[in-house]
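Heads up, the thing below is written out as structure tokens.
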Amino acid sequence: SRSLTVHYSDLNLSSQAGATTLYQRISGAARFVCGEQGRRFDEQRRWNACYKSAIADAVATVNNPLLTTVQNGAVNVTAMIRK
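Read in order, the letters of the sequence shown are residues 388 to 470 in this note's numbering.
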């Protein structure tokens with residue numbers, strides 16, 4: 388079992404930008420930790436399982452609702468229009 392620490396004390400996790408940046412860091416760390424994807428179907432299947440599990444575990448550890456929303460792909464961007 389491999390691991391990699393992802394630092395995020397520089398991010399504001401109450402903002403969409405901060406949560407999205409952390410998700411990108413977690414995703415990159417998961418790619419690194421899971422290694423090469425491989426060419427065979429079984430290698431790709433194992434890699435995908437590792438990648439998804441690593442991301443899910445990291446997001447659960449952070450335990451931030453906005454980060455979870457980013458992970459689930461349900462982020463809505465709201466723009467305020469001023470006259």
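For each residue, glycine too, the CB sits at the ideal point set by N, CA and C.
N- and C-terminal bounds of the alpha helix (DSSP H) containing S414:
Position 27 of the sequence shown holds residue 414. Per DSSP, S414 belongs to the alpha helix (DSSP H) from 403-421.
Which of the three DSSP states is assigned to A466 in this structure?
Along the sequence shown, one-based indexing puts residue 466 at 79. With a pLDDT of only 43 at A466, under the threshold of 50, the placement of this residue in the model should not be trusted, and no figure is reported.
What's the C-alpha gap between N471 and V457?
Residue 471 lies beyond the residue range present for the chain, which begins at 388 and ends at 470; the question has no answer from this structure.
Through-space distance from A406 to K439, alpha-carbon basis
Locating residue 439 in the sequence shown gives position 52, counting from the first residue. Locating residue 406 in the sequence shown gives position 19, counting from the first residue. Distance between the alpha carbons of K439 and A406 is about 18 Å.
Nearest residue (CA-CA) to H394, options Q431, S388, G415, S402:
Locating residue 394 in the sequence shown gives position 7, counting from the first residue. When only C-alpha atoms are compared, the closest one is G415.
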